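Residue 17 in my numbering sits at position 16 of the sequence shown, and the numbers go up by one each step. In this text, a Cβ means the ideal position worked out from N, Cα and C, and glycines have one as well. Keep in mind that this is a model prediction, so the values were computed, not measured. Okay, so here's the structure we're looking at.
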Amino acid sequence: MHQNSRITWSTPMPTAKTKSKTKTKKRWVAKVTTDSTHPPEGLFNKDAATVARTLASKKVSPKGLGSGMRMLTYFINRAGRNLPATRRHELERAKKLLSQRIQKEKSRKAA
Numbered sequence: 002m003h004q005n006s007r008i009t010w011s012t013p014m015p016t017a018k019t020k021s022k023t024k025t026k027k028r029w030v031a032k033v034t035t036d037s038t039h040p041p042e043g044l045f046n047k048d049a050a051t052v053a054r055t056l057a058s059k060k061v062s063p064k065g066l067g068s069g070m071r072m073l074t075y076f077i078n079r080a081g082r083n084l085p086a087t088r089r090h091e092l093e094r095a096k097k098l099l100s101q102r103i104q105k106e107k108s109r110k111a112a
């Protein structure tokens, strides 16, 4: 090659990527408000059996056990990554207990 020759590119060469400012994602769950039933304060900090029993009560879930299950699922989803693994595990146990109770109710109605 000649000393003065230059290489030309048909497309510009890629440059180092700069960090783009990513917009913080707004979560749909942050906008949800409900005026239906209100579980007792601090309920979701208790053991799985207590959470399941309380959410199954008519006072907290007047529309039935499914309502309690939805409340529990909503709470877990709302907490997201901020929910410690131990608490999430305990709440998942509560969901399992509540689910078993729902199955019992269904089999009782069928019989």
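Same chain only: Cβ atoms within 7 Å of residue i, ignoring 5 sequence neighbours per side
{"i": "leucine 99", "result": "Ala53, Leu56, Ala57, Leu66, Gly69, Met70, Leu73"}
{"i": "valine 61", "result": "Thr38, Pro40, Thr55, Gly69"}
{"i": "leucine 44", "result": "Val52, Thr55"}
Beta carbon of residue i nearer than 8 Å to that of residue j
{"i": "leucine 1", "j": "isoleucine 103", "result": "Outside the displayed span of the chain (2 to 112) sits residue 1, for which this structure offers no information."}
{"i": "alanine 49", "j": "arginine 94", "result": "yes"}
Buried versus exposed call for residue i [16 or more other C-beta atoms within 10 Å across all chains shown]
{"i": "serine 108", "result": "exposed"}
Cut-off 6 Å between Cβ atoms - residues of its own chain near residue i, not counting five sequence neighbours on either side
{"i": "lysine 96", "result": "Leu73"}
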